[in-house]
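Offset between the sequence shown (1-based) and the numbering used here: plus 4. Idealized CB from N, CA, C, for every residue including glycine.
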Amino acid sequence: MEKADIVRPIYGTIVFQPFALLWCLFSGMSYLTMIGPFTIYSTIVFIPIYAVYESHVRKYLDEVK
């Protein structure tokens with residue numbers, strides 16, 4: 005697992021937060037009970053998913069060259 009596999013989902017989570025907060029504001033959802041915990045869970049789950057995806061894409065791109 006490389007550093008980018010860890011940083012990419014964390015960066016995506018940080019960048020996504022304004023949209024999540026706006027969604028909660030307009031829909032009346034509670035950020036702390038609905039969106040916040042799901043966002044943290046998703047970030048943790050996406051770290052290994054990105055690692056596997058990146059390794060497969062690199063192998064494929066190396067084969068195509």
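- Task: Reducing DSSP to helix, strand and coil, say where Met38 ends up.
- Result: Three-state result, Met38: helix.
Where Glu6 sits in the DSSP three-state scheme: Three-state result, Glu6: coil.
Discussion item. So, under 8 Å CB-CB, Tyr64 and Pro13 are touching, yes? Tell me the CB distance rounded to an integer number of Å.
Written reply: No, Tyr64 and Pro13 are not in contact; Cβ-Cβ is about 21 Å, not under 8 Å.
Have a look at Ser59, Lys69, Phe20, Leu29 and flag the residue whose alpha-carbon is nearest the alpha-carbon of Asp9. Looking at the Cα atoms, Ser59 is the closest of the given residues.
Q) Apart from the five residues just before and just after Leu17, which ones in its own chain have a Cβ nearer than 7 Å to its Cβ? A) The sequence shown places Thr at residue 17, not Leu. Excluding residues within five positions, the ones whose Cβ falls inside 7 Å are Thr43, Thr47.
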